[in-house]
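Below is one structure, written out as structure tokens; the observations come after it.
Chains as they are written, first to last, in our numbering: chain A, 27 to 309; chain B, 27 to 309.
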């Protein structure tokens, strides 16, 4: 029977710390402020935005919304980003992507000032993750994996970590952040041969494939810690992950649930980045 | 008896291609030009510079030297970099590092325009390597490893690669470039446990530890391809690598020699970047 690495206590601890830092900033006359920039109204975006607004409200981060119609022109969005960059009262910016087709993703990302890029979408933030330096902020979901591992005091230094999936939003930055903790990291991709045996070598397995139930008993063994980044709706209409939880749970030492795992921690990471950006802006 | 993956034929092929591209650029009125910026006169720098000058001369790349005394001020070097950035006749810049103590490395690196950063020292170049996008250029030694593997048609897709050493000059960028070729890459560091067994799992082992003779028979097996990035002078005054060549050679399928391996390819990569930068500048 595995320990279930629930997100809730991680979130509670992060919220408490963020709220205290927010209060300290307000005492110095600064209200940490997040710009939410959304084009159109995709249900996924709206749902995530709702979570961000709630979380921000609880810890004392102010939110300014910038909403553009789905058929907005690239220039309009660039204007909004320029406004966000120029406003010293805005400390961080969440920009929903993927953007509609009329936008050039690269141009838009490049327009955002890295110091306000609290969601790790600029090249500055990604260089920061790769070089382990304080430019921008890592992608929130990747950092959420690390926050869970740290909160539950999972040893990483000298341990084998396998990251399955190499997206720039999760897999690659998570691999770099595990390396930063002195884990020996293997980054797997869709061409990887004998994935089950490779996963079994790991002390920590981070699964970010975006494939429902792709990882199960044949990939896992006793003593492992499994972090499941996937989120899907199964045939019964229930939320589930990339890991077959019913197979993992009796086998491994610890596993994050879906729902209630990595996903719940992501917004707290985001809010923490806004607070940090406000602290940095204050100097 | 391993195949010796000598640098010489790789260099010959690259020089031929670079010379042809140079000639094509000159026919369009452009002479690919490299700025070499050196502070002081360290013997290592002078030796590398000599190699670069020779290689550039052979393929038709022009070199402009900017030499500063060892006690130059940071402002002087920043002025030189600004001059390099602003000069459309200069396509790439090689800046020798480490710099003397009075310089702030981060500030200096940030000053160079990524499009002229043919040696992969800017955050732009490193973001490019991490995100697999066309910003700047990868560090030359890391790319030299890949050039050798490609020249000798070593299969990488779906193969296991182990990179030992995680510097930003070789290990980490080499890991990203192997991932780009769809290898399954494990990045090892000084805390890695059971390195011999881990290395033996790999089809391709890239050794960039900077430790003379650290990798030997106990780390290797039949069928492997070994790339040795290390370069040291042994007790007999001879050049040698991180790999104990006498143990590797009878055991593995192929191995790069030291000297005559990775190091010889590095300047060709550098010159190739200058040519590419000139092509890009021409549009």
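Positions of the beta carbon are idealized from the N, C-alpha and C atoms, including for glycine.
Source: prediction; values computed, not measured.
On a CA-only basis, which of A/133, A/125, A/230 is nearest residue 2 of chain A? Give me that one, please. Here chain A comprises residues numbered 27 to 309, so residue 2 of chain A is not present and cannot be evaluated.
Assign residue 132 of chain B to buried or exposed, taking buried as 16 or more other Cβ atoms, counted over all protein chains shown, within 10 Å of its Cβ. With fewer than 16 other Cβ atoms within 10 Å, it is exposed.
Looking at the strands, I want to know which residues DSSP matches up with residue 90 of chain B. Note: residue 90 of chain B sits in a beta bridge opposite B/61.
Comparing alpha-carbon positions, which option in A/212, A/101, A/125 lies nearest residue 66 of chain A? Nearest of A/212, A/101, A/125 to residue 66 of chain A, Cα basis: A/125.
Going by beta-carbon coordinates alone, are residue 137 of chain A and residue 171 of chain A separated by less than 7 Å? No; because the gap between Cβ atoms is not below 7 Å, this pair is not in contact.
Say whether chain A places a C-beta atom closer than 7 Å to the C-beta of residue 205 of chain B. Yes, contact with chain A.
Is the CB of residue 214 of chain A under 7 Å away from at least one CB in chain B? So yes, residue 214 of chain A belongs to the interface.
Rounded straight-line distance, which links the Cα of residue 256 of chain B to that of residue 236 of chain B: Near 5 Å, if we compare the C-alpha coordinates of residue 256 of chain B and residue 236 of chain B.
Excluding the five sequence neighbours on either side, which residues of its own chain have a C-beta within less than 6 Å of the C-beta of residue 209 of chain A, listed in chain order? Within the same chain, residue 209 of chain A has close Cβ partners 182, 185, 187.
Determine, using beta carbons only, whether residue 153 of chain A comes closer than 7 Å to chain B. Residue 153 of chain A belongs to the set of residues whose beta carbon lies under 7 Å from a beta carbon in chain B.
Nearest-angstrom Cβ-Cβ length linking residue 36 of chain A and residue 110 of chain A, presumed shorter than 8 Å: 29 Å between Cβ atoms; not a contact.
Going by DSSP, what residue range makes up the alpha helix (DSSP H) through residue 81 of chain A? Its alpha helix (DSSP H) spans residues 69-85.
Verify whether the separation of the beta carbon atoms of residue 41 of chain B and residue 85 of chain B is less than 7 Å. Going by beta carbons, residue 41 of chain B and residue 85 of chain B fall inside the 7 Å limit.
Taking just the CA atoms, how far does residue 191 of chain A sit from residue 123 of chain A? Taking the straight line from one Cα to the other gives about 19 Å.
Beta carbon proximity, residue 220 of chain A to chain B, threshold 7 Å: For residue 220 of chain A, the answer is no, since every Cβ of chain B falls outside 7 Å of its Cβ.
Give me the chain E residues within the contact set of residue 44 of chain B, using Cβ-Cβ distance strictly less than 8 Å, ordered along the chain. Any reference to chain E falls outside this structure, whose protein chains are A and B.
Counting only C-beta atoms, is residue 120 of chain B closer than 7 Å to chain A at any point? Not one chain A Cβ lies under 7 Å of residue 120 of chain B.
Taking the straight line between their C-alpha atoms, what separation do you get for residue 29 of chain B and residue 275 of chain B? Rounded to the nearest angstrom, the two C-alpha atoms are 8 Å apart.
At the 7 Å Cβ level, is residue 217 of chain A part of the contact set with chain B, yes or no? So yes, residue 217 of chain A belongs to the interface.
In terms of residues, what are the limits of the alpha helix (DSSP H) holding residue 133 of chain B? Per DSSP, residue 133 of chain B belongs to the alpha helix (DSSP H) from 131-137.
Opposing strand residues paired with residue 186 of chain B [DSSP bridges]: By DSSP's assignment, residue 186 of chain B forms a beta bridge with B/210.
Compare the beta carbon distance of residue 218 of chain B and residue 196 of chain B with 7 Å and say whether it is the shorter of the two. No; because the gap between Cβ atoms is not below 7 Å, this pair is not in contact.
With residue 149 of chain B and residue 161 of chain A assumed to form a contact (beta carbons below 8 Å), what rounded beta-carbon distance in angstroms separates them? About 6 Å separates the Cβ atoms of residue 149 of chain B and residue 161 of chain A, confirming a contact at the 8 Å cut-off.
Excluding sequence positions up to five away, which residues of its chain have a Cβ less than 8 Å from the Cβ of residue 114 of chain B? Excluding positions up to five away in sequence, the list reads 307.
Using a beta-carbon distance below 7 Å, is residue 194 of chain A in contact with chain B? Judged by the 7 Å Cβ criterion, residue 194 of chain A is in contact with chain B.
By the 10 Å Cβ neighbour count, where 16 or more other Cβ atoms means buried, how is residue 250 of chain A classified, buried or exposed? Flag for residue 250 of chain A reads buried.
Report yes or no: do the stretch 290-308 of chain B and the stretch 263-272 of chain B share at least 3 C-beta pairs separated by less than 8 Å? Flag = no, the stretch 290-308 of chain B and the stretch 263-272 of chain B do not touch.
Along the stretch 152-174 of chain A, what residues have a CB closer than 9 Å to any CB found in chain B? If the cut-off is 9 Å between Cβ atoms, the stretch 152-174 of chain A has 152, 153, 154, 155, 156, 157, 158, 159, 161 near chain B.
State the Cα-Cα distance for the pair residue 145 of chain B and residue 299 of chain B, rounded to the nearest angstrom. If you take the alpha carbons of residue 145 of chain B and residue 299 of chain B, they lie about 8 Å apart.
Chain B contacts from the stretch 224-236 of chain A (Cβ-Cβ distance under 9 Å): Listed by position along the chain: 224, 227.
Measuring alpha carbon to alpha carbon, tell me which residue in B/180, B/294, B/165, B/34 is nearest residue 193 of chain B. With distances taken between Cα atoms, residue 193 of chain B lies closest to B/165.
DSSP on residue 45 of chain B, reduced to helix/strand/coil? Of the three classes helix, strand and coil, the one that applies to residue 45 of chain B here is helix, per DSSP.
Using only the alpha-carbon positions, how far apart do residue 222 of chain A and residue 158 of chain A sit? Approximately 30 Å between the Cα atoms of the pair.
Distance check for residue 43 of chain B and residue 225 of chain B, CA to CA, integer angstroms please. Approximately 34 Å, taken between the alpha carbons.
From A/303, A/232, A/141, pick the residue whose C-alpha is nearest to that of residue 268 of chain A; which is it? For residue 268 of chain A, the closest alpha carbon among the candidates A/303, A/232, A/141 is that of A/232.
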